[in-house]
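Accompanying notes for the structure given below.
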Amino acid sequence: MVRGFNYLHLNGVVHGDIKGQNILIGEDGLKIADFGCSKLIHDDDDSVAGKSRFFGTSAYMAPEVSRDEEQEFAADIWSLGCTVIEMATGFSPWPEIHDPGLIQNIWASQVDYVTYLKGQTKLIT
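Residue numbers for the sequence shown follow my numbering, beginning at 1 and rising by one.
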């Protein structure tokens with residue numbers, strides 16, 4: 001999964017909506033889906049092509065995106081981290097976030113998954 005996003009980033013693509021529903025797993029491996037929110041990054045200035053900056057799914061949205069700042073590669077990494085947390089725990093990091101007006105909870109709160117994951121390490125190893 002990480003290699004797939006690395007490939008996108010090396011080719012200047014910000015996916016913009018990384019979440020479990022957009023990761024397809026089949027017999028031939030993993031596929032990244034739903035590029036409806038993707039943007040190309042300009043090589044010369046590292047800015048996102050186009051002026052639409054606020055896109056993606058609220059519960060997986062990076063803090064800088066929720067603050068209406070430019071969405072760059074780091075925002076995809078944040079969303080990937082949220083997806084991995086959901087895969088490891090079975091729960092979205094911020095399940096109460098469905099309204100973009102509540103998105104500030106993502107960057108205003110801390111989440112302690114270490115305590116929960118200590119009991120789940122047998123599933124991972």
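Backbone N, C-alpha and C fix where the C-beta goes; we use that ideal spot for every residue, glycine too.
None of the values given here were measured: they were computed from a predicted structure.
For residue i, count neighbouring Cβ atoms within 10 angstroms of its own Cβ and tell me buried if that reaches 16, exposed if not.
i	result
Ile-25	exposed
Val-2	exposed
Asp-68	exposed
Asn-22	buried
Would the beta-carbon of residue i fall within 8 Å of that of residue j?
i	j	result
Tyr-140	Ser-38	Residue 140 falls outside the range modelled here, since the chain spans only 1 to 125, and no answer is possible.
Glu-86	Ile-41	no
Asp-17	Gly-56	yes
Gly-20	Thr-83	yes
Please report how far the alpha carbon of residue i lies from the alpha carbon of residue j, in whole angstroms.
i	j	result
Asp-76	His-15	7 Å
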